Every structure is written in C-alpha cells, then in structure tokens.
Amino acid sequence: MYKHFLLSILIILLLSVVGINAFSLDAQVEEIYFKIVKGFSPETDPNTLDADGNSIPDRAHARLLDRVLRDENVPNHEILLSIYYFNWARIKIDNTLGNRCIALQQIYGITCDELERFCAGIITIGEPKAIQYFVQGALSEFGVTIDLKNYNLMGGIYLRGSGDLDGDRITNKKEYELAEGDFDLFVEKAITPEEHPGEGEGYPQIDENVPLVVVPPLNLPVNYGDLSLKTYRDGVYTAENIGTEPVPLRVWILGEPEFHIIGDTEYLIEPQQKISFIVRFQPKKYGYYSAILVYEIYGKRYYSYLGGKSSVVVNIFSCGIFNHNSSKNNIYTYLPDLLFIAVITLVVHLYSKSPSSRKLHS
Ligand SMILES: [Ca+2]
Ligand SMILES: [Ca+2]
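Structure (structure tokens):
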C-alpha cells in the first residue's frame, strides 16, 4: 500500500516538474469540519469556533482552503494544491487506525478518509495552534503518531492567519476583519489582491528562505511614542518558527542605550515554537531616540527600526503609572516623519562607520 502512496507523491512531483497543472480538488474540508464539530463537540457553535485563536472562525478558514484547492484562478493555487496532495498522501501512511476506522464512523459519523482529508487541510493551512491542538493533540490520543518533519508546512506562509494568500500585503486575518464576519466575502477578499491596500500591515515572514514570522514585522519603524523621564515603555517582540527544522536566532540592539533587550538574546527556536522578548525604551534625557533591533539567522541580518521621544510636554500630561506599566501591545504604529528621518540618519551613520564598530556587536 505504501508503494502506492509513494508513487502518487512521485506523480505530483513529476507533474509539477513538467509544468502540467495538478488536478483541482474538491476536498470538502468545510463539510468535514462541520461534521467533526458536531460529532465531537455538539454543544459548540461551528460558526464561531476559533480553536486556533487566529481571529478567523475555523469554518471560514476551511471554506477558504476548499476554494483554494478547487479554483485554479486563485493565487498560489498550484503550489498549495501540491502541498495539500503531499500532506494527504503522508497522512494516509501515518494513519494507523485500521479497523478502528469503523468505530470512528459508527460513533462519530466520520470516515477515515474524511479524517485524513481534514488533517491534510489543517497541516496545509499551517496554523501552529491548530496543528498542535488537533494533529498532535487529538490524533495522538487515538494512537496516531505524526512526525511533522515528514510534512510540508510551507502552506502556512499563504494560508495561516498571519499569511497573505493573494500577496497584497493584507494578512488573511485582516481580510477577515475587513469582511466583517461575512465568510463568503472573506474568501473573495483573501483571494483578490487589493489594488491600493490602504491597510496593509506588511508581510510578516522574515525572509522567503527562513520560515520565521516576526511581529512586529521587519522594516517598519516601531514607535515607542512620547515618554517622560525616569519612566519606560516595553515592546513585546515575537518570533515564530513555521518550518520543520529548528532555527537559531540571535538578537541585539544597535544604537542608543536607551533601548535595551530584556530576556534572552540567543535562541534555538523549535518547529511550531514561538519565542518572545522585550525591548525596553527608557529615556535618560529629553529628545529623540532611535535604535535598530538586529535579528541574526544563519549569519544573515535583518533589521527592525525603533524610535521614541522624551519631552517636557509629555512630562506634564502623561501619567506615571501608564508609562511604568507600559502599553505592551500598542506600539506598532508608524513613526512620525521627523522621527523617521532621525532613524534613517542613524542607519546611514551606523553603516558608514568602520566595520570595527559593528564587530562590537557581532
Ligand atoms: Ca481560526
Ligand atoms: Ca491578502
């Protein structure tokens, strides 16, 4: 039987090499999702359930996947269909339920074929929490062991909440928000690039060769805002590995000491793991401050620009408690123009310096 499935993988690979379209597929993931919720958790509303916490109801997400696999006009249809076929073939190998498939069908009304198609869907969407919860959690309780190294998780770049299927720099999560709860409208928005995306939030993957998603996204200046002296504000930064291999990461700050990292600066991020650290801004004098947060992965560096300000005006009006406790989540705003120029000046300044100044940090 295994030979058969290996053969099917080979066929898919061959088809993609010679440039012949893979067959579109009606995977019916939404329908299966509905059955699974009804079967395992009948008290749950399938229309609002968001088990993976990505702010997109799981049913809407399943509908999107069905459309992607079925409709050859959807952006990235071919690659996602190949990934789905690959994962589907693999789950068929890993599914060791055998005779228990009959019990599954009798008790819950779900066939093993449906279970496999659903699993392939979850893994292809690539939302880490869903994979943990369903594939590694629920399935392992049935005695089915999945080694994610054998699967292709790269569909997540396009399909997960923080991914961008149509490449218009509006994440799928944001597309859902813009659709205001209308599932069909969400699907249309997620597959139709906006010509003038006014609310684009940047492409969150650090590099197409590095399966790391960092938030806030790189290359967008992060504004710590106005602070009074002797207070500080913390910004939370996360890096999540959406690939299948551990990724080494080192972070440090270039620039003014008013910005510093709290937490570890070296990590080995396991697949599906998310790490976080804090960059604290603590001004010592009045004025503008800027710095660069550097991410180093496999010897390559990526940058996030930070800015903040300490002023007399804010000292009068701001509340000390607010500044001490900081608003951790709301600093991802764009810098005002003046500050932005200051940041760029700093960048140019740092890179026109002799390499010895950079060695200090490497
Ligand atoms: Ca969800
Ligand atoms: Ca988009």
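With the numbering used here as the guide, the letters of the sequence shown map in order to residues 3 to 364. Cβ atoms here follow ideal geometry from the backbone N, Cα and C, with glycine treated the same way. Model, not experiment: these values are computed from the prediction.
Backbone secondary structure at residue i - three-state DSSP
| i | result |
| --- | --- |
| K40 | helix |
| G227 | strand |
| P250 | strand |
| D54 | coil |
| I172 | coil |
| G322 | Low confidence applies to G322: its pLDDT is 30, below 50, so where it sits in the model is not reliable, and the reading given next is rough at best. Of the three classes helix, strand and coil, the one that applies to G322 here is helix, per DSSP. |
| V146 | coil |
| I244 | coil |
| V281 | strand |
| F25 | coil |
| G123 | helix |
| P130 | helix |
| I81 | helix |
| A91 | helix |
| Y239 | strand |
| L256 | strand |
| Y288 | coil |
| I299 | strand |
| D209 | strand |
| I34 | helix |
| I112 | coil |
For residue i, the nearest candidate out of the options (CA to CA)
| i | options | result |
| --- | --- | --- |
| V189 | I244, E80, A64 and V238 | A64 |
| R162 | E177, K151 and E143 | E177 |
| T246 | I148, N49 and G139 | I148 |
| E258 | Y307, V216, V212 and G301 | Y307 |
| P219 | E74, I208 and G227 | I208 |
| D168 | L106, G310 and L82 | L82 |
| I299 | L256, D54, K191 and L251 | L251 |
| I127 | L155, S142, Y135 and A140 | L155 |
| V146 | I93, D186 and Y269 | I93 |
| T240 | L229, V216, H262 and P223 | V216 |
| Y269 | D54, N243 and C103 | N243 |
| Y226 | A62, G309, P248 and T46 | G309 |
| R72 | V39, I109 and S26 | S26 |
| I264 | T98, W254 and L180 | W254 |
| N211 | S43, P44, R303 and D54 | R303 |
| R373 | L180, T50 and K37 | Nothing about residue 373 can be read from this structure; the chain reaches only from 3 to 364. |
| G165 | I34, F136, A91 and S57 | S57 |
| D186 | P59, I280 and F144 | P59 |
| L229 | F261, L214 and K311 | K311 |
Terminal residues of the beta strand (DSSP E) in which residue i lies
| i | result |
| --- | --- |
| D166 | It is not in any beta strand (DSSP E) - D166 carries neither H nor E in the DSSP assignment. |
| V137 | Unbroken run through V137: none, as it is neither H nor E. |
| E260 | First-last for E260: undefined, no H or E at that position. |
| V190 | Going by the sequence as given, residue 190 is Glu instead of Val. Here E190 belongs to no beta strand (DSSP E); instead the alpha helix (DSSP H) covers F185 to I193. |
| L220 | Premise fails: L220 is in no beta strand (DSSP E) and is neither H nor E. |
N-terminal and C-terminal residue of the alpha helix (DSSP H) that residue i is part of
| i | result |
| --- | --- |
| G158 | G158 to L161 |
| Y153 | Element bounds for Y153: n/a, residue is neither H nor E. |
| S312 | It is not in any alpha helix (DSSP H) - S312 instead sits in the beta strand (DSSP E) that spans K302 to S312. |
| L2 | A query on residue 2 cannot be resolved here, the shown segment of the chain reaching from 3 to 364 and no further. |
| L99 | First-last for L99: undefined, no H or E at that position. |
| L66 | D60 to R72 |
beta-carbon residue i near ligand 1 non-hydrogen atom, thresh 7 Å
| i | result |
| --- | --- |
| N78 | no |
Contact test: residue i Cβ vs ligand 2 heavy atom, cutoff 7 Å
| i | result |
| --- | --- |
| L167 | yes |
| E190 | no |
| D73 | no |
| E177 | yes |
| I277 | no |
| P172 | It is worth fixing the name first, because residue 172 is Ile in this sequence and not Pro. Because some heavy atom of ligand 2 lies under 7 Å away, the Cβ of I172 counts as near it: yes. |
For ligand 1, residues whose Cβ lies under 5 Å from any non-hydrogen atom: Those satisfying the condition are, in chain order, D52, D54, N56, I58 and D60.
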